[in-house]
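Novice: This is the structure I want to talk about, given as structure tokens.
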Amino acid sequence: MPTMNLTQTMVMGLIQVVAVLILIFVMVPLLTFAERKVIGYIQVRLGATRTAGGHVGITGALNRGMWAMGKVPMLSILRGLPVFVADILKLILKEDIIPAKAERSVFTLAPIISVLAAFGVFSAIAFYPGALFTFPARFPIVGGLPFMGFISDVNVGVLYILALSSVGVYGIVLGAWASNSKYPLLGGLRSAAQIISYEVPLTLSLLTPVLLAGSLNFKDLSVRLSTGADMHWLAIFPLFVGFFVYTTCGFAETNRTPFDLPEAETELVAGFHTEYSGMKFGFFYLAEYTNMIVVSCFASAFFLGGYYLLPFGLQRFIPASVPFLGQPSILFFFLKVFTILFAFLWVRATVPRYRYDQLMDVGWKYLLPLTLVNLFAAALIRFAF
Amino acid sequence: MFKNEEMEINLGPQHPSTHGVLRVKLHLDGETVTKCTPIIGYLHRGVEKICENQTYFQGQVWTDRMDYVASISNNLGWAEGVEKLFGIEVPRRAKYIRTMLTEQNRLASHLLWLATHALDIGAMTVFLYAFREREYLLDLFEAFCGARLTTTAFRIGGLREDLPPGFIKSAQAFQDRFLPCIDEYEELLTENRIWKKRTVGVAKLNAEDCIALGVTGPVLRAAGVPYDIRKAFPNAAYAEMDFEIPTRPEADTYARYLVRLAEMRQSHRIIQQCIEGLPEGPVMAKIPKILRSEVNEVYHPIEAPKGELGYYFVGEKGGTMPYRMHVRAPSFVNLQALSKMTEGRLLADVIAAIGTLDVVLGEIDR
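In order, the protein sequences belong to chains A and B.
With the working numbering applied, the first sequence corresponds to residues 119 to 503, in that order.
With the working numbering applied, the second sequence corresponds to residues 1135 to 1500, in that order.
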């Protein structure tokens, strides 16, 4: 990598931050659209179809094409795609109500904390371990510099991400408390208990790959785990258990079914965000979906092979000389991210919701001992073999 | 410095899972319910008083608006109660058609219960699966009487008209596809670990308490008491039908779920027998244009999907309207059990208990 002066560093940083923000702002609405559609199809209905784009744009062309082929365009999965634009517009344009008895400053601060914590995590996530492309020399300032697949290469990236993602719960708890209302208060209490309980097994389950690969750097860790450099073949087992525990805790951390107690709509109306409206609610929503993406990125990078095709050190059986399959690719990374995001939606459509005490049982009585045993097994494999 | 006090919270009347306008006043200690008081009356229209000011023919329309998800059962109770008051004998074909429609309506009601109960507990897909089948049943009702919900399906003395052409064929088509649908719901719920965790041992109400509180229907049968009006005091054509009364000994939410699902299979069986054994003949008895009663009183119970639905009529000499009409609404009586079921349990169990009692507020408030 060519050395950069201060201006170049700042401009490159800005470009990459904006690129990641754009990625988030594209993925989150697409994820909500995917949620409508995936759950719709699982539930023998069509999901959003009404906002079909009429006769213009991509969906318009698709619809016309289907009519031309003599088919009713009802089943076009892209029908209803403009709904996400409408969603965003609605959230932005809606009246922003602060309840009269709410604690105004905290009420406003809470969604900001949530969303900042969720976004901040992305600064240490690597979507690709190297340069994606190099800016041509004719560009001012950044000419000749590589565009990396990550914002910053923090050597304790995993620690940073874990620390920052636990800050998000403050947003929920403060927002719930500041609403000065009963249902949000209950939701906030549930959320505090839940996220703190699941933080422990989540962190411990992430220690398994950290221990096995011996790195805290996001991309190094991911690369070592998939290529299996100096990893014993037995490491597959603790990694597999770790993956199971991590995804379970990930569902709990992001308040998704079957752990969606803080916002259980049939019990607590809307849980912690009952009193929120407009873009403040939108921020909570954005934070939840961003967290889903974060969890998926983590699971993808550490347990499913990240930038390589095969996980758990199996990649070493495909020599690097094989084109595409043997090489790291951003496509593999996102393929796995989308698979896990799909699982989020799938689970939501399938299972009921836990009760508060049962949720605590699952966290403390099953997941925590399981991760501790697993961590011990990982340590044994690392140092005994 | 710190106070430790119970929180009083109003669950409803506008709440996603109180099935209408039920308001439950809860005292919460953390998430534990210490006191639970159902407050009703938001939907009160004075149906009983209105019916005392209308002729026996007109009154039936109001029964649709009581338990609006099982209006045909309500119609049956009214029609048979009035027929008992005047000693009218209904033709056999009409009895069969009434039985068939009532059972189809029981299916529709149980499907709605399954849908909302599962949704309350968080399983949202079952909701739409159950509504898919219920739609088909509502189409059948629409074909029969022109209305999907407020049916006013029967007339005193029989039926206004015979079945429309093609009705039996559509009903049979539903019969053929319905059993696999029940299996589909069971696949999603019966062995689902989370579903079992949320329902097994939750909102228990044993047989003694059920009887002391007057609770009837699937809740009583799930406590092991095989009391079903269709067997105990057969009305319509139930005496000629071959069916069983499913019971469970556990008396919890899960047992009620299993009992209701088994009841759906039994209803399916009864409908099949009605379709196959449907006799020929008239559907309307000869009755006078104006019914004038003697001094007389009648209590007529039927097995509605929610439990024992009773109609009580008092006739006055020469009157064309009931002197007094009273409805023993199963939801109203069953709702009494809510406090007993939920006190000392968690907030989420209140939601499960409301769902498992299968209350309809139109019937409670009348």
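A virtual CB, placed ideally from N, CA and C, is assigned to each residue, including glycine.
Quick caveat: nothing in here was measured; it's all calculated off a predicted structure.
Taking Cβ-Cβ distances shorter than 8 Å, what residues in chain A pair up with Phe-1229/B?
Specialist: Note that residue 1229/B is Lys in the sequence shown, not Phe. None at all; the shortest Cβ gap to chain A is about 36 Å.
Novice: Closer than 7 Å by beta-carbon distance: list the chain A residues that pair up with Ala-1257/B, in chain order.
Specialist: Within chain A, the residues near Ala-1257/B are Val-469 and Pro-470.
Novice: Is the number of C-beta pairs between the segment 1359-1370 of chain B and the segment 1407-1422 of chain B that are closer than 8 Å three or more?
Specialist: Output reads no: the segment 1407-1422 of chain B does not touch the segment 1359-1370 of chain B.
Novice: Can you give the Cα-Cα distance for Gln-476/A and Ile-313/A, rounded to whole angstroms?
Specialist: Straight-line Cα distance between these residues: approximately 14 Å.
Novice: What are the residues that DSSP puts in a beta bridge with Met-1418/B?
Specialist: Gly-1292/B, per the DSSP bridge assignment.
Novice: To the nearest angstrom, how far is the alpha carbon of Lys-398/A from that of Leu-386/A?
Specialist: The alpha-carbon atoms of Lys-398/A and Leu-386/A are separated by roughly 19 Å.
Novice: Under 8 Å, do Val-455/A and Ser-395/A count as touching if we go by C-beta distance?
Specialist: For Val-455/A and Ser-395/A, no; Cβs fall outside 8 Å.
Novice: Taking 8 Å as the threshold (C-beta atoms), are Ser-297/A and Glu-393/A in contact?
Specialist: Going by C-beta atoms, Glu-393/A is nearer than 8 Å to Ser-297/A.
Novice: Could you give the first and the last residue of the continuous alpha helix (DSSP H) run that contains Asp-1198/B?
Specialist: Its alpha helix (DSSP H) spans residues 1190-1198.
Novice: Is there contact here, the segment 230-246 of chain A with the segment 134-144 of chain A, by at least three beta-carbon pairs under 8 Å?
Specialist: Yes, the segment 230-246 of chain A is in contact with the segment 134-144 of chain A.
Novice: Could you name the residues of the same chain whose beta carbon sits closer than 8 Å to that of Glu-1276/B, not counting the 5 residues immediately before and after it, in chain order?
Specialist: Hits under 8 Å: Arg-1282.
Novice: Taking its Cβ as the centre, do 16 or more other Cβ atoms sit within 10 Å of Phe-390/A, making it buried, or is it exposed?
Specialist: It is buried - the Cβ of Phe-390/A has at least 16 other Cβ atoms within 10 Å.
Novice: Given this structure, state the Cα-to-Cα distance separating Leu-193/A from Asp-1310/B, to the nearest angstrom.
Specialist: Low confidence applies to Leu-193/A: its pLDDT is 48, below 50, so where it sits in the model is not reliable, and the reading given next is rough at best. Spanning the two alpha carbons is a distance of roughly 27 Å.
Novice: Got a sec: is the Cβ-Cβ distance from Tyr-484/A to anything in chain B below 8 Å?
Specialist: False, the Cβ-Cβ gap to chain B never drops below 8 Å.
Novice: When you compare each of Arg-1394/B, Asn-1340/B and Asp-1499/B to Glu-1384/B by their alpha carbons, which one comes out closest?
Specialist: Per the Cα distances, Asn-1340/B.
Novice: Name the one or two DSSP bridge partners that Leu-307/A has.
Specialist: According to DSSP, which records beta bridges pairwise, Leu-307/A is partnered with nothing at all.
Novice: Identify each residue in the segment 286-308 of chain A for which the Cβ-Cβ distance to at least one residue of chain B is less than 9 Å, and report them in chain order.
Specialist: If the cut-off is 9 Å between Cβ atoms, the segment 286-308 of chain A has Lys-300, Tyr-301, Leu-303, Leu-304, Leu-307 and Arg-308 near chain B.
Novice: Below 8 Å on the Cβ atoms is my contact criterion, and I expect Lys-1229/B with Ala-1370/B to pass it. Report the Cβ-Cβ distance as a whole number of Å.
Specialist: So it is a contact: roughly 5 Å between Cβ atoms.
Novice: Is it buried or exposed for Leu-324/A, if we count other Cβ within 10 angstroms and need 16 for buried?
Specialist: So Leu-324/A counts as buried.
Novice: Within 8 Å (strictly less), CB to CB, does Pro-217/A reach chain B?
Specialist: No, no contact with chain B.
Novice: Assuming Gly-1358/B and Arg-1382/B make a contact with CB atoms under 8 Å, what is their CB distance in whole Å?
Specialist: Between Arg-1382/B and Gly-1358/B the Cβ distance is about 7 Å, and since that is below 8 Å, they are a contact.
Novice: With three or more beta-carbon pairs closer than 8 Å as the criterion, would you say the segment 292-307 of chain A touches the segment 445-460 of chain A?
Specialist: Verdict: no, contact absent.
Novice: Quick one, which residues of the segment 1326-1350 of chain B are near chain A if we go by CB-CB under 8 Å, in chain order?
Specialist: Those residues of the segment 1326-1350 of chain B that come within reach of chain A (Cβ to Cβ, closer than 8 Å) are Asn-1326, Ile-1328, Trp-1329, Lys-1331 and Arg-1332.
Novice: Helix, strand or coil for Pro-1368/B? Go by DSSP, reduced to three states.
Specialist: Of the three classes helix, strand and coil, the one that applies to Pro-1368/B here is coil, per DSSP.
Novice: Leaving out five residues on either side along the sequence, give the residues of the same chain with a beta carbon under 8 Å from the beta carbon of Phe-450/A.
Specialist: Here the set comprises Gly-423, Gly-424, Tyr-425, Tyr-426 and Leu-427.
Novice: So the candidates are Ala-1257/B, Arg-1294/B and Gln-1406/B; which of them puts its Cα closest to the Cα of Ala-1305/B?
Specialist: Of Ala-1257/B, Arg-1294/B and Gln-1406/B, the residue nearest in Cα terms is Gln-1406/B.
Novice: Is the beta carbon of Pro-1422/B closer than 8 Å to that of Ala-1396/B?
Specialist: For Ala-1396/B and Pro-1422/B, no; Cβs fall outside 8 Å.
Novice: Comparing the C-beta of Gln-85/A with each C-beta of chain B, is any distance below 8 Å?
Specialist: The requested residue 85/A is not part of the displayed model; chain A covers only 119 to 503.
Novice: Are the segment 1444-1454 of chain B and the segment 1147-1162 of chain B in contact at 8 Å, needing three or more beta carbon pairs?
Specialist: With a cut-off of 8 Å, the segment 1147-1162 of chain B and the segment 1444-1454 of chain B do not count as touching, because too few Cβ pairs lie within range.
Novice: Counting only Cβ-Cβ distances shorter than 7 Å, please list the residues of the segment 1443-1477 of chain B near chain A, keeping chain order.
Specialist: Listed in sequence order: no entries.
Novice: Using the beta-carbon count (16 or more within 10 Å), is Tyr-472/A buried or exposed?
Specialist: When all chains shown are included, Tyr-472/A counts as buried.
Novice: Check whether the Cβ atoms of Val-469/A and Thr-365/A lie closer than 8 Å to each other.
Specialist: It is not a contact, given that the beta carbons lie outside the stated cut-off.
Novice: Could you round the C-beta distance between Gly-183/A and Ser-232/A to whole angstroms and report it? I think they count as a contact, below 8 Å.
Specialist: 42 Å between Cβ atoms; not a contact.
Novice: Any residues in the segment 129-163 of chain A with a beta carbon nearer than 7 Å to a beta carbon of chain B? Which ones, in chain order?
Specialist: Hits within the stretch, in order: Ile-160, Gln-161, Val-162 and Arg-163.
Novice: Please return the same chain residues whose Cβ sits closer than 7 Å to the Cβ of Ala-122/A, not counting the five positions on each side in sequence.
Specialist: Here residue 122/A turns out to be Met, not Ala, going by the sequence shown. Excluding sequence neighbours, Met-122/A sits near Met-130 and Leu-263.
Novice: Just curious, the alpha helix (DSSP H) that Met-187/A is in, first and last residue?
Specialist: Per DSSP, Met-187/A belongs to no alpha helix (DSSP H) and is neither H nor E.
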